[in-house]
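This report concerns only the one structure given below.
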Amino acid sequence: MSAMPIALLLTTAATGAVGVAVLRSILVLRRQVTALRAELAESRATATRGRVPAARTTADAE
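18 is the number of the first residue of the sequence shown in this note's numbering; add one for each residue after it.
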C-alpha cells in the first residue's frame, strides 16, 4: 500500500472533522443570535411601555 491513499484518507477525515466543528459552531451562533433578538425585542417593548403613562384609576379621577 502506497502512502498516497493513506494521505488522502487522512485529509478526508480531517476535512470532515473541520466541517463538523464548523456546523456545530454555526448552530451555537444561531442560538445566540436568536436569544439576543428575543432579548432586544423584550427590552424595546419594555422601553415603549415605560414611555406611555398608566391609565388613571377611578379613585384618581374623583
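The beta-carbon is built from N, C-alpha and C at its ideal position, and this holds for glycine as well. Here the structure is a predicted model, which means the values were calculated and not measured.
Local conformation of residue i per DSSP, three classes
{"i": "Ala31", "result": "helix"}
{"i": "Thr51", "result": "helix"}
{"i": "Ser60", "result": "helix"}
{"i": "Ser19", "result": "coil"}
{"i": "Arg41", "result": "helix"}
{"i": "Arg73", "result": "coil"}
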